[in-house]
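The structure under discussion appears below in the form of structure tokens.
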Amino acid sequence: MNPQTPNFVRSRVCLALAAVSASASVWAEMDEVVAIGQQSAVFDVAQPVTRLDGDAIRDEAKSTLGDLLERLPGVSNASFGPGVGRPVIRGMASSRVKVLTNGTDSADVSAMSSDHAPMAELSAAQTIEVVQGPATLRYGGGAIGGVVNLSDSRIHRNALEGTEVMLSSTLSSVDEGRSLAVTADSGNGNWVLHADGFVRRSEDYQAGSQGRKSSEREGEVINSDTTGRGGALGLSRTSDDGFVGLSVARLEYRYGVPNEENEPARVEPEQTRYELRGAIYQPFSWMDEWRINLSYNDYIHDETEGTFVVGLFDQETVQLRSDADLVLSENWTATVGVQWSQRELALCHDHGGCSEIPDYSDRSWDGSQGLNLSLFNGYLFAHDTPMPETTTTDVGLFWIGQRDWEHGMIEVGVRVDERTIELDENAIRPSHRKQAAYYQDRNFTPVSVSAAATWVLDEQQRLGFSLARAQRAPDAEEILWNGDHHATFSFQLDNGDLDIETAYTMDANWLYQGDEQAVRLAAFLYEFEDYIYNDLKAFGDPFHSNAVYRHEQEDARFYGAEASWDQAVNDSVGVELAADWVRARLTSGTKDNLPRTPAPSLMAAVTWQQESWQARAESRTHLRQSNPSKTEVETDGYTQLNVAVSYKTGISGADVNLSLKGNNLTDAYGQSHTSYLKEYAPIPGRNFVLSATVRY
Numbered sequence: 004m005n006p007q008t009p010n011f012v013r014s015r016v017c018l019a020l021a022a023v024s025a026s027a028s029v030w031a032e033m034d035e036v037v038a039i040g041q042q043s044a045v046f047d048v049a050q051p052v053t054r055l056d057g058d059a060i061r062d063e064a065k066s067t068l069g070d071l072l073e074r075l076p077g078v079s080n081a082s083f084g085p086g087v088g089r090p091v092i093r094g095m096a097s098s099r100v101k102v103l104t105n106g107t108d109s110a111d112v113s114a115m116s117s118d119h120a121p122m123a124e125l126s127a128a129q130t131i132e133v134v135q136g137p138a139t140l141r142y143g144g145g146a147i148g149g150v151v152n153l154s155d156s157r158i159h160r161n162a163l164e165g166t167e168v169m170l171s172s173t174l175s176s177v178d179e180g181r182s183l184a185v186t187a188d189s190g191n192g193n194w195v196l197h198a199d200g201f202v203r204r205s206e207d208y209q210a211g212s213q214g215r216k217s218s219e220r221e222g223e224v225i226n227s228d229t230t231g232r233g234g235a236l237g238l239s240r241t242s243d244d245g246f247v248g249l250s251v252a253r254l255e256y257r258y259g260v261p262n263e264e265n266e267p268a269r270v271e272p273e274q275t276r277y278e279l280r281g282a283i284y285q286p287f288s289w290m291d292e293w294r295i296n297l298s299y300n301d302y303i304h305d306e307t308e309g310t311f312v313v314g315l316f317d318q319e320t321v322q323l324r325s326d327a328d329l330v331l332s333e334n335w336t337a338t339v340g341v342q343w344s345q346r347e348l349a350l351c352h353d354h355g356g357c358s359e360i361p362d363y364s365d366r367s368w369d370g371s372q373g374l375n376l377s378l379f380n381g382y383l384f385a386h387d388t389p390m391p392e393t394t395t396t397d398v399g400l401f402w403i404g405q406r407d408w409e410h411g412m413i414e415v416g417v418r419v420d421e422r423t424i425e426l427d428e429n430a431i432r433p434s435h436r437k438q439a440a441y442y443q444d445r446n447f448t449p450v451s452v453s454a455a456a457t458w459v460l461d462e463q464q465r466l467g468f469s470l471a472r473a474q475r476a477p478d479a480e481e482i483l484w485n486g487d488h489h490a491t492f493s494f495q496l497d498n499g500d501l502d503i504e505t506a507y508t509m510d511a512n513w514l515y516q517g518d519e520q521a522v523r524l525a526a527f528l529y530e531f532e533d534y535i536y537n538d539l540k541a542f543g544d545p546f547h548s549n550a551v552y553r554h555e556q557e558d559a560r561f562y563g564a565e566a567s568w569d570q571a572v573n574d575s576v577g578v579e580l581a582a583d584w585v586r587a588r589l590t591s592g593t594k595d596n597l598p599r600t601p602a603p604s605l606m607a608a609v610t611w612q613q614e615s616w617q618a619r620a621e622s623r624t625h626l627r628q629s630n631p632s633k634t635e636v637e638t639d640g641y642t643q644l645n646v647a648v649s650y651k652t653g654i655s656g657a658d659v660n661l662s663l664k665g666n667n668l669t670d671a672y673g674q675s676h677t678s679y680l681k682e683y684a685p686i687p688g689r690n691f692v693l694s695a696t697v698r699y
């Protein structure tokens, strides 16, 4: 007998109703999930989980995580050109939004800088979940904005008999893009072998022209081409008592970074990931399931100017997470777990070239401040290796409980983390070092607690509320980086005084699900103490006159709202509406608006489905961002008109899905306010996308 997924887990996984469908395929996926006898989950979880399945991911035909998820209310894309897209949730980004692969960190450096791509490949994804509320404590108290978890099938949880193969390919016109991906699984009922691989390439894309001002760039966006390739192997053993599996995956990206001078700046990340996962079902009467996940990630990336390597990042990460679902009483269930990770980061940034990580341990140093540091506008500027080698060790304990009450469900959670950052200054020349005391180890102990509850009003609607006190420790690079960042043509200053930031959050939402419509309204408020933000200074650096940034801490407030409405007009036609809005500003210091806050957005769509055919027409509007920070300018709004049609059929025993999309049909010009490169990398112009998926 196959074990059943515990209700505590199942309710979160299946709550797709809370999301607005981003395409006809997404709507179909959500409708399917709710229809599998999971309607109770709609009322059981105060903080819904948005879930996209593999078909929805492939039908969208996107190459970056941010570009895919920005269709959802409350989610934006921190784009740095077509090669990079990291999700922004409710105006929060970087380490406040954790990107995971199979429940553990993607182990890249995408949170460090917006030009670094997340190593989360969509071509192999089976599901993507956007998690908020108490459930985020599984993955870290610092995930104040939320968690994006990408799951693949490289390690199988369930048995497979026979062989399954899937091929998918995409062509796009705006950038001459083309991609090919293959996934294969073969099993004999106990053992399952998995293999997948992909290749992808695009040229410089064309920006839109309608509505463009004469001062704004037009035509081809130079240095916006991308390439990617990767593959993986996995082997799993499944049984009625549990599963265990091993996998190894390789991922390589190459992409350009558009910039003001059209210089050939490129980023070339590579990662090899080894993973061991397993679970035991019902090992004890009081334990539904025990899970373990161990991963090792070897990450490296070059930053180049032409053929010259001017930046080198080398990172090794080991992660272990073990958790269990417990049955505490007739009403109480809980998940308890421990998480440990260690990240070793070393880098080189040198105009003279980076062939390896520098080592100056053979040079004498008396611990005094180096003579080559430049004092400018009250700050010390270094022109050497930007930060010492660091080893960041995180240990976390968490407990999340859930119980029924008279009117619905209650969830509570607590997590305690211990972060230690060990420093080795030998990668920096003694003449560019600060005093020895600056390189002492850092220790932080963030504590996060969360509570949520639902109130069932009737069989079709309920209210949900959540409160949390969440803390995040600063990252090593936020504290220590002092040097150029070549790919972004900027200079980042260090701040050794950074400390833990604390957020007090409130969220209220109302869900309605009838036979023919679904409605969701949500409002939120986040009050931060010592919020860490990257502040743009009013002067350039003394070496190149590039923009200067420094992480500062002030109190801040985020607040906003999200709404969605899905209406089935009849068996074939549906209507969808959605909107979101967020404000973010400092409440101490300058009390300025925070930079790169997403503009309000609106969506209206009509869908049609008849037997094997599906079609969708939608309008997506990003309103003008009229509340920029003092270091920004306002960003004009724009509207995109998109249409899509798809056809599913069977050919010689294979399931075939063909689709044609027309994106931004009016060729509108637009800039994303969340992007550091909004002036140099506007949105793509009119684009036709042809895709095909064959499964047998």
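Residue numbers (my numbering): 4 to 699. Quick reminder that beta carbons are idealized off the backbone N, C-alpha and C, glycines included. It should be emphasised that the depicted structure is a prediction, and the values quoted were computed from it without experimental measurement.
Compare the beta carbon distance of residue i and residue j with 9 Å and say whether it is the shorter of the two.
i, j, result
"Gly237", "Leu254", "no"
"Val459", "Arg472", "no"
"Asp574", "Pro603", "no"
"Ser675", "Thr638", "yes"
"Phe401", "Arg418", "yes"
"Gly69", "Ser82", "yes"
"Arg599", "Ile535", "no"
"Trp513", "Gln495", "no"
"Tyr515", "Gln443", "no"
"Tyr552", "Ser493", "yes"
"Asn191", "Asn152", "no"
"Ser567", "Ala587", "no"
"Trp611", "Val585", "no"
"Val646", "Gly673", "no"
"Phe379", "Phe201", "no"
Classify residue i: buried if its beta carbon has 16 or more other beta carbons within 10 angstroms, exposed otherwise.
i, result
"Gln318", "buried"
"Arg15", "Annotation note: pLDDT 31 at Arg15 (below 50); position unreliable, coordinate value reported separately. Arg15 should be labelled buried."
"Val692", "buried"
"Gln342", "buried"
"Gly88", "buried"
"Lys216", "exposed"
"Gln628", "buried"
"Gln209", "buried"
"Ser371", "exposed"
"Asp365", "exposed"
Which residue from the options puts its Cα closest to that of residue i?
i, options, result
"Ser298", "Ala64, Ala647, Leu279", "Leu279"
"Val91", "Lys681, Pro601, Leu605", "Pro601"
"Phe447", "Glu555, Ala571, Gly144", "Gly144"
"Leu140", "Val339, Gly577, Ala439", "Val339"
"Asp178", "Arg689, Val697, Thr696", "Arg689"
"Glu271", "His119, Ser655, Ser189", "His119"
"Trp289", "Gly281, Tyr302, Gly200, Ala327", "Ala327"
"Glu333", "Gly234, Leu378, Trp408, Glu266", "Trp408"
"Ile413", "Ala456, Val134, Tyr258, Thr634", "Ala456"
"Leu55", "Asn80, Val112, Asp155", "Asp155"
"Pro121", "Ile303, Leu589, Pro687", "Ile303"
"Ile283", "Ala252, Phe246, Glu308, Pro267", "Phe246"
"Asn226", "Ser218, Phe201, Asn262", "Asn262"
"Gly467", "Val585, Ala64, Gly136, Ile131", "Gly136"
"Arg276", "Trp611, Leu103, Thr677", "Leu103"
"Leu539", "Asp497, Asp510, Arg204, Leu528", "Asp497"
"Thr310", "Gln345, Ser678, Gly355, Pro286", "Gly355"
"Thr230", "Ser205, His197, Asn667", "Ser205"
"Asp244", "Gly399, Ile482, Arg160", "Arg160"
I believe residue i touches residue j by the beta-carbon criterion, under 8 Å. Please report the beta-carbon distance rounded to the nearest angstrom.
i, j, result
"Arg269", "Pro685", "With 8 Å as the limit, Arg269 and Pro685 do not qualify as a contact, their Cβ atoms being about 20 Å apart."
"Arg240", "Trp194", "6 Å"
"Glu428", "Pro391", "5 Å"
"Gly486", "Val260", "Going by Cβ atoms, the distance from Gly486 to Val260 rounds to 18 Å, so no, they are not a contact pair."
Which ranges does the beta strand (DSSP E) cover as unbroken runs of at least 3 residues, wholly within the region 322-384, from first to last along the chain?
-> 335-352, 377-379, 382-384
If you scan the region 603-658 from start to end, which runs of the beta strand (DSSP E) of 3 or more residues do you find wholly inside it?
-> 604-613, 616-625, 641-654
Jot down the residue ranges of each uninterrupted alpha helix (DSSP H) in the region 442-515, minimum 4 residues, whole runs only, in chain order.
-> 479-483
Alpha helix (DSSP H) runs contained entirely in the region 543-589, provided each spans 4 or more residues = None, since the region 543-589 contains no complete alpha helix (DSSP H) of that length.
Residue ranges of each beta strand (DSSP E) run of no fewer than 3 residues wholly in the region 387-419, ordered along the chain?
-> 392-408
Segments assigned beta strand (DSSP E), at least 3 residues, entirely inside the region 107-178 | The beta strand (DSSP E) runs lying completely inside the region 107-178 and spanning 3 residues or more are 128-134, 149-155, 164-175, given in chain order.
Note down, one range per segment and in chain order, each beta strand (DSSP E) of at least 3 residues found wholly within the region 199-283.
-> 229-242, 245-259
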